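Visitor:
Protein chains: 2
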Amino acid sequence: MEWSCKCHGCEHQMCTNRVPIFSSLSHEEMDAIQSLIIQRTYNKGEVIIKANEPMHAIFILNEGVVKINKRFQDKEQILYLLTENEFFGETNLFAQTNSNMNVIALTKTVLCTISKADFEKLVYKYPSIGLKMLEEITHRLIKTQQLIENTGFKPIDDRIVEMLKEFAPKYGKSAEKGTLIELPLNREELANYLGLTRETISRKLAKMDKEGLIKIIGHKKILLYHSS
Amino acid sequence: MEWSCKCHGCEHQMCTNRVPIFSSLSHEEMDAIQSLIIQRTYNKGEVIIKANEPMHAIFILNEGVVKINKRFQDKEQILYLLTENEFFGETNLFAQTNSNMNVIALTKTVLCTISKADFEKLVYKYPSIGLKMLEEITHRLIKTQQLIENTGFKPIDDRIVEMLKEFAPKYGKSAEKGTLIELPLNREELANYLGLTRETISRKLAKMDKEGLIKIIGHKKILLYHSS
DNA sequence: CGGGCACTTGATAGTAATCAAGTCCGGTGG
DNA sequence: CCACCGGACTTGATTACTATCAAGTGCCCG
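Protein chains in written order, with this note's numbering: chain A, 1 to 228; chain B, 1 to 228.
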């Protein structure tokens, strides 16, 4: 069954139909939620949210890629990379009122937003949304715990491979000998995602290229061989 | 107003009355919940939960201290240290069925448990419990994100001081020149909490003692001076 | 009070950060 | 379409730390 999109200016499938948070709702209920949604577009490089600034909405990514980071003394730590159908702002819905992170558009980005107040009303009206939200936040918690595990346990080389494997399904295309990944981050950002420096990532990638694990193609692509 | 405890063998205030998850409920409702609670006692050093084993309950710490860790190739990473009135098992309520961590009693520990099935029923009956749970899980998520921030940004010395400051209110007693902390962890565990080695922690603490930031008292106590 | 185990201390090596030049990609303009 | 320019990337040399390996020391418990 096809449903038209009531979300203003939206050329895609309904936002609400694409995210797991609302998956348990009927189409009629989703239609009702559509009216609460405000859509906004950001350009590549634009700052969507600044740390320590008030934030009173939940954001669903309709299109594009964003990075979520923290900064401290000219150092950057990238925590998450989110893309279509993922959401952010969850920590501000139920706990804090100010963002504790920055959100930056890495590409042209289209966001659907629902205000905190509206979302809370929804949770009361449809308790199943609250349970779905619990699931989603729990998954993010588990993912964040795994992040700690990785930085604590795994050697750097392994972590780079894991990062590339994480990118593969999202930013890669299947090629003859492996997956051709269109990197969403530059070298410095790759480093900041793993807690390293630009130079170290550069050297490690060069080494892995020499060893035949990957093939570096220009500055923006990496071929990840099947065997890796 | 005083309430007697119906939780079998409990010499304390009602478990349910002490944790924020149930704080919005009336005393009558709490009484009802009491009947769902099973209490169990663990000895120092006992393994409460093993990673990869099924886990179908939420656990509230009534008494004692537990560490929650992950292991990989004889390495240990301690993620959380929980004490009275805190809870664990939340990731298994709404997402996974097997624990992804170990839980070990560091002291004699008394736990109140509510089965996953019972807890889910409670959430449906009292939606406010679900919202409280969202808050609590969100707080744990925020704390976990800060953990990453710390390991990524802060120099080791600062992280040690922060750890001691985190211990101070829970395991410390106010003394003349500062806070006397009864360490809940041995040196190796302190190291595993910060992602370092036994020797490094030992050296750093010795240095900080020499610098007058702290005073090491035997193996189990540290005096954290006010100025730190 | 004595023994064992946790802790400390020392020496060395390995690894990534830092500092410093070069090189090359990729976008722009002719 | 090609040449050029600038910024991103690479590579090299050195330094700084922490892990590792190894040997004492001393606290704490029985």
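Quick reminder that beta carbons are idealized off the backbone N, C-alpha and C, glycines included.
These numbers come from a predicted model, not from an experiment.
Using only the alpha-carbon positions, how far apart do residue 89 of chain B and residue 183 of chain B sit?
Guide: If I take the Cα positions, the gap works out to 25 Å.
Visitor: Tell me, please, whether the region 21–37 of chain A touches the region 65–72 of chain A by the rule of three or more beta-carbon pairs shorter than 8 Å.
Guide: Taking 8 Å as the limit for Cβ pairs, the verdict is that the region 65–72 of chain A does not touch the region 21–37 of chain A.
Visitor: For residue 147 of chain A, count neighbouring C-beta atoms within 10 Å of its own C-beta (all shown protein chains included) and say buried if the count is 16 or more, exposed if not.
Guide: With 16 or more Cβ atoms within 10 Å of its Cβ, residue 147 of chain A is classed as buried.
Visitor: Are residue 216 of chain A and residue 205 of chain A closer than 8 Å when you measure CB to CB?
Guide: Yes, they are a contact pair.
Visitor: Step through the CB atoms of chain B and report whether any lies within less than 8 Å of the CB of residue 133 of chain A.
Guide: True, the Cβ-Cβ gap to chain B drops below 8 Å.
Visitor: Just checking: is the beta-carbon of residue 100 of chain A within a distance shorter than 8 Å of some beta-carbon in chain B?
Guide: At least one chain B Cβ lies under 8 Å of residue 100 of chain A.
Visitor: Across the region 98–114 of chain A and the region 48–64 of chain A, are there enough close Cβ pairs to call them in contact, namely three or more that are closer than 8 Å?
Guide: Taking 8 Å as the limit for Cβ pairs, the verdict is that the region 48–64 of chain A does touch the region 98–114 of chain A.
Visitor: When the Cα atoms are used, what is the spatial distance from residue 34 of chain B to residue 82 of chain B?
Guide: So the alpha carbons of these two residues sit roughly 22 Å apart.
Visitor: Compile a chain-ordered list of the residues in the region 103–125 of chain A whose CB is closer than 8 Å to at least one CB of chain B.
Guide: Those residues of the region 103–125 of chain A that come within reach of chain B (Cβ to Cβ, closer than 8 Å) are 123, 124.
Visitor: To the nearest angstrom, how far is the alpha carbon of residue 120 of chain A from that of residue 187 of chain B?
Guide: If you take the alpha carbons of residue 120 of chain A and residue 187 of chain B, they lie about 45 Å apart.
Visitor: For residue 178 of chain A, which of helix, strand or coil comes out of DSSP?
Guide: Reduced to three states, the DSSP call for residue 178 of chain A is strand.
Visitor: The region 185–198 of chain A: which residues have C-beta closer than 9 Å to a C-beta of chain B, in chain order?
Guide: Within the region 185–198 of chain A, the residues whose Cβ lies closer than 9 Å to some Cβ of chain B are 192, 195, listed in chain order.
Visitor: Return helix, strand or coil for residue 109 of chain A, following the three-state DSSP convention.
Guide: Looking at residue 109 of chain A - three-state DSSP - the assignment turns out to be strand.
Visitor: How big is the Cα-Cα spacing for residue 249 of chain A and residue 132 of chain B?
Guide: Absent from the structure is residue 249 of chain A, since the part of chain A shown begins at 1 and ends at 228.
Visitor: Would residue 105 of chain A pass as a contact of residue 43 of chain A if the rule is Cβ separation under 8 Å?
Guide: Yes, they are a contact pair.
Visitor: Closer than 7 Å by C-beta to residue 77 of chain A: which residues in its own chain qualify, once you throw out the five before and the five after it? Chain order, please.
Guide: Counting only Cβ-Cβ distances below 7 Å, and skipping sequence neighbours, we find 69, 70, 192, 195.
Visitor: Where does residue 128 of chain A fall in DSSP's three states?
Guide: Residue state, collapsed to three classes: helix.
Visitor: Between the Cα of residue 236 of chain B and the Cα atoms of B:65, B:102, B:56, B:60, which residue gives the shortest distance?
Guide: As shown, chain B starts at 1 and ends at 228. That puts residue 236 of chain B outside it, with no answer to give.
Visitor: Of all the beta strand (DSSP E) runs that stay within the bounds of the region 47–105 of chain B, which reach a length of 3 or more residues?
Guide: Counting only runs of 3 or more, we get 47–49, 57–63, 66–72, 75–82, 102–105.
Visitor: Any beta carbon of chain B sitting closer than 8 Å to that of residue 183 of chain A?
Guide: No, no contact with chain B.
Visitor: Consider the Cβ of residue 97 of chain A: report whether some Cβ of chain B lies at a distance smaller than 8 Å.
Guide: No, no contact with chain B.
Visitor: Given residue 9 of chain A, which residues of its chain have a CB within under 7 Å of its CB, disregarding the five upstream and five downstream residues?
Guide: Bear in mind that a pLDDT of 45 at residue 9 of chain A, under 50, signals an unreliable position, so the model cannot answer this.
Visitor: What did DSSP end up calling residue 122 of chain B once you bin it into helix, strand or coil?
Guide: Three-state result, residue 122 of chain B: helix.
Visitor: Helix, strand or coil: which one does DSSP assign to residue 172 of chain A?
Guide: DSSP places residue 172 of chain A in strand when its eight states are reduced to three.
Visitor: Suppose you measure from the CA of residue 124 of chain B to the CA of residue 138 of chain A; what does that come to, to the nearest Å?
Guide: Taking the straight line joining both Cα atoms gives about 18 Å.
Visitor: In chain order, what are the residue ranges of uninterrupted beta strand (DSSP E) at least 3 long that sit wholly in the region 178–210 of chain A?
Guide: The region 178–210 of chain A contains these whole beta strand (DSSP E) runs: 178–182.
Visitor: Taking the alpha-carbon positions, what's the residue 57 of chain B to residue 170 of chain B distance?
Guide: Taking the straight line from one Cα to the other gives about 26 Å.
Visitor: Among A:157, A:84, A:202, A:103, which residue has its Cα nearest to the Cα of residue 218 of chain A?
Guide: With distances taken between Cα atoms, residue 218 of chain A lies closest to A:202.
Visitor: According to DSSP, simplified to helix, strand and coil, what is residue 223 of chain B?
Guide: Looking at residue 223 of chain B - three-state DSSP - the assignment turns out to be strand.
Visitor: Give a yes or no on whether the C-beta atoms belonging to residue 161 of chain B and residue 228 of chain B are separated by under 8 Å.
Guide: Yes. Within cutoff.
Visitor: Relative to the alpha-carbon of residue 181 of chain A, which residue among A:45, A:114, A:221, A:75 has its alpha-carbon at the smallest distance?
Guide: Here the closest residue by C-alpha is A:221.
Visitor: Between B:15, B:28, B:18, which has its C-alpha nearest residue 126 of chain B's C-alpha?
Guide: Cα-wise, what sits closest to residue 126 of chain B is B:28.
Visitor: Using the C-alpha atoms, what's the distance from residue 30 of chain B back to residue 17 of chain B?
Guide: Roughly 7 Å separates the two Cα atoms.
Visitor: Quick test of your reading: residue 65 of chain A and residue 107 of chain A, contact by CB under 8 Å. State the CB separation rounded to the nearest angstrom.
Guide: Indeed they touch by this definition, with Cβ atoms about 5 Å apart.
Visitor: Give me the Cβ distance between residue 37 of chain A and residue 114 of chain A, rounded to the nearest whole Å; I'm assuming they're in contact under 8 Å.
Guide: About 6 Å separates the two Cβ atoms, so the contact holds.
Visitor: Confirm, please, whether the CB-CB distance from residue 141 of chain B to residue 141 of chain A is below 8 Å.
Guide: In contact: residue 141 of chain A and residue 141 of chain B (Cβ atoms closer than 8 Å).
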